[in-house]
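Reading the sequence shown from the start, the letters are residues 3 to 111 in my numbering. Remarks on the structure that follows.
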Amino acid sequence: NHYAISEEHLASVKALEEEFAAREDDFRKAGEARHAAETYIDTFTSTIDKNFPGLLTSEDRNRIEELADEFFNKSGGSLEAELALKKELLESLGFVGEKLAEEQRLLKG
Numbered sequence: 003n004h005y006a007i008s009e010e011h012l013a014s015v016k017a018l019e020e021e022f023a024a025r026e027d028d029f030r031k032a033g034e035a036r037h038a039a040e041t042y043i044d045t046f047t048s049t050i051d052k053n054f055p056g057l058l059t060s061e062d063r064n065r066i067e068e069l070a071d072e073f074f075n076k077s078g079g080s081l082e083a084e085l086a087l088k089k090e091l092l093e094s095l096g097f098v099g100e101k102l103a104e105e106q107r108l109l110k111g
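Listed below in structure tokens is the structure:
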């Protein structure tokens, strides 16, 4: 039968399908990671204000807004890149954690 497909060709097609599925899964996970990070930064200031009123100064708010804008202007594309961007964002927001730690030290006296 001249329409028969060789085992090698079938294996090649299967490998391509698996590669495509892996890339699609990575793309989906990257999108989920991006969405989670965007939600986090979108609600960050209001969450801090709600739980720790008066902690953030106007300069802090401006800095957070600049960091958020910077984050939104970057695109990772892959899960690994998105996780690296999220890590960078969290490290940039570390100054808020330092302020919270200082506040806690002051309260403990």
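Glycine included, each C-beta is placed from N, C-alpha and C at the ideal position.
field: Buried or exposed by the 16-neighbour rule on C-beta atoms within 10 Å, applied to Glu26
entry: What you label residue 26 is simply residue 24 of the sequence shown in a count that begins at 1. Taking all protein chains in view, the Cβ of Glu26 is surrounded by fewer than 16 other Cβ atoms within 10 Å, so the residue is classified as exposed.
query: Between the C-alpha atoms of Glu104 and Ile50, what's the straight-line distance to the nearest angstrom?
result: Indexing the sequence shown from 1 puts residue 104 at position 102. Indexing the sequence shown from 1 puts residue 50 at position 48. Rounded to whole angstroms, Glu104 to Ile50 spans 15 Å at the Cα level.
message: In whole angstroms, give me the CA-to-CA distance for Phe22 and Ser80.
response: For the purposes of this step, residue 22 is identified with residue 20 of the sequence shown, where counting begins at 1. For the purposes of this step, residue 80 is identified with residue 78 of the sequence shown, where counting begins at 1. If you take the alpha carbons of Phe22 and Ser80, they lie about 14 Å apart.
message: In this structure, how does DSSP classify Tyr42 when only helix, strand and coil are distinguished?
response: The count along the sequence shown starts at 1 and reaches residue 42 at position 40. Secondary structure of Tyr42 (DSSP, three-state): helix.
task: Would you mind sorting Ala35 into buried or exposed? The rule is 16 or more other CB atoms within 10 Å of its CB.
output: Here residue 35 refers to the residue found at position 33 of the sequence shown. Ala35 is buried by the Cβ-count criterion.
query: If we call anything under 9 Å between Cβ atoms a contact, is Phe97 one with Asp62?
result: On the sequence shown, position 95 is the one that residue 97 refers to. On the sequence shown, position 60 is the one that residue 62 refers to. Yes, the Cβ-Cβ distance between Phe97 and Asp62 is below 9 Å.
message: I'd like to know if the region 44 to 59 and the region 82 to 89 are in contact, where contact means that at least 3 CB-CB pairs between them fall below 8 Å.
response: Counting Cβ pairs under 8 Å, fewer than three are found: no touch.
query: With C-beta atoms as the reference, is Leu69 less than 9 Å away from Leu91?
result: Within the sequence shown, the letter at position 67 stands for residue 69. Within the sequence shown, the letter at position 89 stands for residue 91. Against a cut-off of 9 Å, the Cβ pair of Leu91 and Leu69 comes out as a contact.
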